[in-house]
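S.K.: There's a structure below that I have some questions on.
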Amino acid sequence: GTVPIYQALEKVNGIAEDLTWEVFRDTLIEQAEQGVDYFTIHAGVRLAYVPLTAKRVTGIVSRGGSIMAKWCLAHHQESFLYTHFDEICDIMRAYDVSFSLGDGLRPGSIADANDEAQFAELETLGELTERAWAKGCQVMIEGPGHVPMHKIKVNMDKQLRECGEAPFYTLGPLTTDIAPGYDHITSGIGAAMIGWFGCAMLCYVTPKEHLGLPNRDDVKVGVVTYKIAAHAA
């Protein structure tokens, strides 16, 4: 899978405000023609939700989410990913690419878990799921992030309810923020829990998370940790 907004941003020299629907659309088609299986699309980051992140401890930590938030604020317009969602569906259907609806407002610390911004976006992802299904597209939903243990089940239950039981796909979640260098463990705990509660796919985390890029050994440790978490679930 890919995140097409990253390549689209490169085409406008890294200036988020210069992005347009046409640049994004052309990037989608280019990547689809190369045989990409799924696209992460942050269409749930709507203009009205950006102010909800103002009081957060760690703001918007998703790269795709921050790109779209910056565009929305600069133009004071609704996100072109949301306003052109039906056209995105048509492209995805034509090339048999699945949606991974991105969690651009996921919490970047346990202090921000389950807040108004996160859940407003999740509710919109539910709406977009129904619209994508109606167009014949396949959909999975990306999930957090940083969530303490006692708030994990609420995430899973709400996702199943809001998104019509579309598959949930989570990065952990990390259950504490205090262990950079050991986030395969902090997230493996959350992954086992959310897998038990009904998560469909786990995105592995390496010991290098928050510190740098993983090497081959880091990848191995991350994958082994997540195989254990999935088996436990």
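The opening residue of the sequence shown carries number 1036 in the numbering used here; numbering runs sequentially from there.
Positions of the beta carbon are idealized from the N, C-alpha and C atoms, including for glycine.
Given the structure is predicted, the values throughout are model-derived calculations rather than measurements.
Are the stretch 1176 to 1191 and the stretch 1117 to 1124 touching, with three or more C-beta to C-beta distances below 8 Å?
M.R.: With a cut-off of 8 Å, the stretch 1117 to 1124 and the stretch 1176 to 1191 do not count as touching, because too few Cβ pairs lie within range.
S.K.: Go through the stretch 1087 to 1137 residue by residue and report every complete run of the alpha helix (DSSP H) that reaches 4 residues or more, in order.
M.R.: As far as the stretch 1087 to 1137 is concerned, its whole alpha helix (DSSP H) runs of at least 4 residues are 1098 to 1110, 1115 to 1118 and 1120 to 1129.
S.K.: Considering only C-alpha positions, which residue in the set Y1041, H1077, H1219 and L1054 is nearest to G1137?
M.R.: Counting from 1 along the sequence shown, the entry for residue 1137 is found at position 102. Of the candidates Y1041, H1077, H1219 and L1054, the one whose C-alpha sits nearest the C-alpha of G1137 is H1077.
S.K.: Looking at C-alpha atoms only, which residue of I1145, V1240 and V1092 is the closest neighbour of K1262?
M.R.: For the purposes of this step, residue 1262 is taken as residue 227 along the sequence shown, with counting starting at 1. The shortest C-alpha separation from K1262 is found at V1240.
S.K.: Using only alpha-carbon positions, find the residue among V1071, A1083, M1103 and G1036 that is nearest to L1044.
M.R.: Within the sequence shown, residue 1044 is the residue found at index 9, counting from 1. Comparing Cα positions, the closest option is M1103.
S.K.: So what does DSSP say about V1047, is it helix, strand or coil?
M.R.: Here residue 1047 corresponds to residue number 12 of the sequence shown, with the count starting at 1. Reduced to three states, the DSSP call for V1047 is coil.
S.K.: If you check the beta carbons only, do L1063 and M1127 fall under 9 Å apart?
M.R.: Working through the sequence shown from its first residue, we reach residue 1063 at position 28. Working through the sequence shown from its first residue, we reach residue 1127 at position 92. Yes, these two residues count as a Cβ contact at 9 Å.
S.K.: Which word fits R1091, buried or exposed, when buried means at least 16 other C-beta atoms lie within 10 angstroms of its C-beta?
M.R.: If you number the sequence shown from 1, residue 1091 lands on position 56. Result: buried.
S.K.: So, at 7 Å on beta carbons, what are the nonlocal neighbours of V1058 in its own chain, with the 5 sequence-adjacent residues on each side left out?
M.R.: For this step, residue 1058 is matched to residue 23 along the sequence shown. Once the five neighbours on either side are set aside, the close Cβ partners of V1058 are A1043, K1046 and V1047.
S.K.: Quick check for students: name the residue ranges of the alpha helix (DSSP H) that lie wholly in the stretch 1150 to 1198, counting only runs of 4 or more.
M.R.: Within the stretch 1150 to 1198, the complete alpha helix (DSSP H) runs of at least 4 residues are 1151 to 1169 and 1187 to 1197.
S.K.: Would you call the stretch 1149 to 1166 and the stretch 1213 to 1231 in contact, with 3 or more CB pairs under 8 Å?
M.R.: The stretch 1149 to 1166 vs the stretch 1213 to 1231: no contact.
S.K.: Would you call the CB atoms of V1174 and R1098 closer than 9 Å?
M.R.: Indexing the sequence shown from 1 puts residue 1174 at position 139. Indexing the sequence shown from 1 puts residue 1098 at position 63. No. Outside cutoff.
S.K.: Would you mind sorting H1111 into buried or exposed? The rule is 16 or more other CB atoms within 10 Å of its CB.
M.R.: Here residue 1111 refers to the residue found at position 76 when the sequence shown is read from its first residue. Answer is exposed; the Cβ neighbour count stays below 16.
S.K.: CA-CA distance, N1250 and H1266?
M.R.: The residue given as residue 1250 occupies position 215 in the sequence shown. The residue given as residue 1266 occupies position 231 in the sequence shown. Spanning the two alpha carbons is a distance of roughly 24 Å.
S.K.: Check I1076 in the structure and name its three-state DSSP category.
M.R.: As a working mapping, residue 1076 is identified with position 41 in the sequence shown. Strand, per DSSP.
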